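In the UniProt record's numbering, the protein residues as written are 1 to 992.
We put the CB at the ideal spot given by N, CA and C, even for glycine.
Predicted model, so just to flag it, every value in this text is computed and none were measured.
Below you'll find the structure, written out as structure tokens, and then a few comments.
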Amino acid sequence: MVMDRAGWLWRRKSSDKSPGGSDSSLSVSSHSEQCSDDQGQYQSPEAFSRSKYDYSQETGVARSLNGKLAAGVNMNNFNPEHGQSFEQHISSNVGDEEIKETLESLNYKLSAALSTIRAKEDLVKQHAKVTEEAVAGWEQAEAEVTTLKGLLEASCRKNASLQDQVSHMDEALKECVRQLRLAREEQEDKVREVVSNSLVPQSENPELQNHIAELKKRLEMTRLEASSSMILQHDLHERLRAIERENLDLKAKHQAIEKENIDLKAKLLVQSKDLKILMLERDLSNQVAETASKQHLESVKKIARVEAECRRLQHLTRKTTLINNSRSTQNNCCMESLTDSQSDHGEHMVGVDNDLQNSDSWALALIAELDQFKNGKDGSRNIVNNPVEIDIMDDFLEMERLAALPESDGTSSNFEMETDSDKAVTRNSSLKVKNEELQNKVANLQEKFEAIACEKRELELALVEVRDQLEISCDALVVAKNRLVEMQMQLDSANDSKLSALDDVERLDSERKALELQLESKSVEVEELLIAVASLEENAEQKELESQLELMSAQATELRLTVASLEERIQAERDLSVQQKQNAEAMLNAKEELEAQLCSANTEMGKLRDIIKALENEVKKERALCEELTAQLQIKVEAAVNAVKESLEAQLCSANTEAGKLRDVVKALQDEVEKEKALREELAANLEVKTRAARTAEVVKESLEAQLSSAHAEMHKLEEITKQLQNEVEKEKEFSAQLEMKIEVERARSIESAKESLEEQLLLVNSEAAKLHDMVSALEHDVEKEKFFSAELQMQLEALEVVKKVLESEAESAHQDAKILKQKVESLEAKLEEQMSSADEFTETLQSERMVIEHKLKTADGEILKLTNKVSLLHREIEQERLLSEEYEQKCQKLEAQMSRDSRDAKLWRLANSNGDLKVKKELANAAGKLAECQKTIASLDRQIKSLTDLDSVVLEPERLESSRDMPLPLDFRNGDAEFAMFADDLGALDS
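What follows is the structure, encoded as structure tokens:
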């Protein structure tokens, strides 16, 4: 109490003196009061108990601080009445300094306490706002809960009303089903009455019997035609299989021959290249042989000259020996003229030495040439290092040295001259031996040249034979091209027929689709009528709709039958089109294969393939014709059967009234049969008495038995008719069961749709409850929806009445459509009769074409025999060509070896005579002549090879057209002139 009073006094005095402190204390007190009021008001929520506890703690701290501050203020602001006692107390306890320090510390604490109080006040305000917002949200949530409860109650009421409506609808549907069952029972009764009335005797409907007899005759005719066509087709298939087997055998043989031909072509290419090389080498060897023969002639001339010089030298040596002998006898008488004779002798010896030098130079050259020809295969020896030349040069040096000696050495020089003459004789003998060797070599070269000429003639003969064969192949290729053109024309005609068949198929598809659309529309109309029957409640309207439904069901069955027949026709035509497409693709594939084979085949095999192609095309045409015939027959049979079915159904519809009469007639016939049995027994009793009347009785008996058998047959027919009618009744029962199932399914769908709509409405209501705040606006909205729903129901009822009128009009239009369809069916029957007549004509044409094809097959068999004989001949010719090619290979190898040897000899000879200008010129002249001859021969060979390559290109044109543009020909000698021109330029460069 003391502290409270002190705090209250301090608050009152501080409000008088310090405005800041009063404001803070008032704010604290007011806040505490507000908090206490708030706590008193909002003690009910449990969520804010924790905040209340914290806030009470804060208020307690604030109160303690307020008490301390009040005590401090009381100390500062003391009362004057108690001043003396207080001053005495201070003077007795503490000094002024201590008081100041305490005041400063208290002020500091007070400022810190004020700051903390302000922060806590802000927190308290925030907590107060949060609590206010929470309370407002709590109240709003309670209000929303109440609105939602109201909405739920309204939705429950709506659900109850909707369930009542669904129950009413179920009851209405049950009544409709009951009415439908009654209508079905009435319909079954009507059908039974029609069946009973449909048993009319056969005598009352003769038109139907005549029509059935005609149809049976037509069926038998069509069966006979189909059987004959099947037999023809079977025969044609067997022939085709035999022809295909022969074709496969021929293809296998042709492939083997093609492989052999390719091998031979490869060998011919290799041989042609080798022949080109051999021709060049042969020309070079001819040139070398001519130059060698010329050199041999020159060497013979030189040898003759050497022999003459040798003789002259021998004569000179003899003269010298005589002179020396005369000198020995007349030495004394000739001493005076010694000087003159010595001078003359010296001059004469100088002339002799000059002659000897010239003759020795020619002899050296000849010896060097002979040594080169002798040792031409040994390239290691050198002409400059020849020891014979060195010895001869030494002899010449010695002769010059002797010629320069003085007179005192005359005797020694004479002796040396004798030795030189002996050496010359030995050289002459060696030259003769070498000359003989050269002659032998020349003879061998001439023999080789003659052998090469013979081989050249043989090659020319072979070229002539190859030309003949190429001409034959050209003729065969022309024939093959003509046959290819004919095949192309046939393929174009087949493609045209295929396109026309495809157009027919498309037309029939369009008709089928139109009929399907009509069926769908009719089925939709039937379903709409059923729905209308379910919705309508009046009995008269239901009966009318049931009659319309019956008519529509009959029309639908007729349309289904017509659609089924058309679908069968379309399926048959599709099968035909597929077969025609396959045949066309097979024909195209066969055409491509045959063209490739023609391009790569020889002449004789080309003929065979053309004939086989023609046969295959004819056989394929026959297959196509047979298939078309069978398809047309099937279509006609199916059309006739469908027409019969339709006519029978129409007659059944018309004979429903006569069925009862037929039953009565059957009963009358049975009574008559029983009477006839009684008569027969009486006749049997009177047989013994009336023998003459027995014969007539037997005749009557036979007639009666015939009538009985006919009656039994009619009974069987009637039983079959009744079975068919029972089947139709069962089908109608199934149809009614299907209708019941549809009605139940629709009812289930309607219930499910109603449930789904209710669930959607509930979701909408819940969503609207979350959004709407006012109950009145939601109720008004619901009322408007109910009004709209009732308006929609009224609109639906009006729409149902309109649909009823539309259905009646559509039923009338359906009757008109049924009449139009009947007219179309009659026109189709007329068309079918026309097609039957055209089919008969077509069968006659087919038989004539069959005879023609058989004749063609016989001729083709004869041609195949001829072609097989030609193939055997070709095999023999190929074997002969193989043997000739092997012989040519052996000869070419021999020629290559000889030409290699001759080329080596020619190269050595060129190296030996590279320094002589005259020889080079002569060689150039000879080479120019030979080059002209070679160019002529090459030109002729080029022409021949061009003709060969042209024929090869004609044979291989379709297959290797692109490759021939990029690659050169295998036997192309067109660049031969350019190569020889380059060779001539090289020779000219050597000459210059």
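Nearest by alpha-carbon distance to residue i: which of the options is it?
i	options	result
Leu908	Val194, His127, Thr291 and Asp122	Thr291
Lys620	Met795, Leu873, Arg850 and Arg876	Arg850
Ala443	Glu585, Ser493 and Ala289	Ala289
Ala462	Ser493, Glu558 and Leu275	Leu275
Glu436	Leu561, Ile303 and Val524	Ile303
Ser940	Cys176, Val464, Ala160 and Ser196	Val464
Glu734	Arg184, Glu681, Ala713 and Lys125	Arg184
Lys441	His716, Val306, Lys125 and Leu297	Leu297
Ser872	Ala256, Met221, Asp492 and Asp861	Ala256
Lys922	Asp96, Gln295 and Ala266	Gln295
Lys301	Lys158, Glu520, Lys432 and Thr146	Lys432
Ser848	Glu471, Glu101, Leu625 and Asp671	Leu625
Grouping DSSP H, G and I as helix and E and B as strand, with all else coil, what is residue i?
i	result
Cys156	helix
Arg282	helix
Lys858	helix
Ala266	helix
Ala134	helix
Glu246	helix
Kindly give me the distance between the Cβ atoms of residue i and residue j, rounded to whole angstroms, as I take these residues to be in contact under 8 Å.
i	j	result
Ile878	Glu260	6 Å
Leu857	Arg239	7 Å
Leu895	Leu278	5 Å
Ala631	Ala572	6 Å
Leu248	Glu881	Not quite, the Cβ-Cβ distance comes to about 27 Å (not below 8 Å), so this is no contact.
Glu246	Ile864	7 Å
Ser299	Leu438	6 Å
Glu646	Leu561	7 Å
Leu576	Glu628	7 Å
Gln271	Glu889	7 Å
Glu455	Lys891	6 Å
Hey, is residue i close to the ligand HEM, as in C-beta under 7 Å from one of its heavy atoms?
i	result
Glu881	This structure does not include the ligand HEM; it has no bound ligands of any sort.
*Quick check: the stretch 276-293 against the stretch 444-459, are there 3 or more CB pairs under 8 Å?*
Taking 8 Å as the limit for Cβ pairs, the verdict is that the stretch 444-459 does touch the stretch 276-293.
*Are the stretch 303-322 and the stretch 928-943 touching, with three or more C-beta to C-beta distances below 8 Å?*
no
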